[in-house]
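Counting with my numbering, you get residues 117 to 203 for the letters of the sequence shown. No residue lacks a Cβ here, since even glycine has one placed at the ideal position from N, Cα and C. What follows is a single structure, written as structure tokens, with notes after it.
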Amino acid sequence: MIEVILDPTISLNPAVKISDVNETINITGINRNSLIGCDYFNNLINPQKVKAVYQYAVVNGCVTDAPLTLHRKNGKLTIFHNKITPF
């Protein structure tokens, strides 16, 4: 079986640092290697909302279609819909 994911995918470690991203993360304008090791919450607008969504996913197992806003390198904002599944 081969799974193809065209959406930006971000993996987080237990410290909520970005541990891996796929190539479609280029929508941020930040290269992949620069994102790895960064605090996930610092790349998003309204970090408190993001932390609440993340905590909900950890406690309840999953969050789907959570709209979040990402800072892009060029200063523009990008709204995207998160699916958070802890494993």
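Check: Could you give the uninterrupted runs of the beta strand (DSSP E) lying entirely in the stretch 125-159, keeping only those of 3 residues or more?
Finding: 126-128 and 134-137
Quiz item: For Pro202, does the three-state DSSP call read helix, strand or coil?
Solution: coil
Distance, Cα to Cα, Val132 vs Pro202?
-> Taking C-alpha positions only, Val132 is separated from Pro202 by approximately 11 angstroms.
(Q) Counting C-beta neighbours from all protein chains within 10 Å, is the total for Thr125 16 or more, i.e. buried, or is it exposed? (A) exposed
Practice prompt. Enumerate in chain order the residues of its own chain whose CB-to-CB distance from Ser127 is below 8 angstroms, with the five nearest sequence positions on each side excluded.
Written response: Ile134, Ser135, Asp136 and Val137
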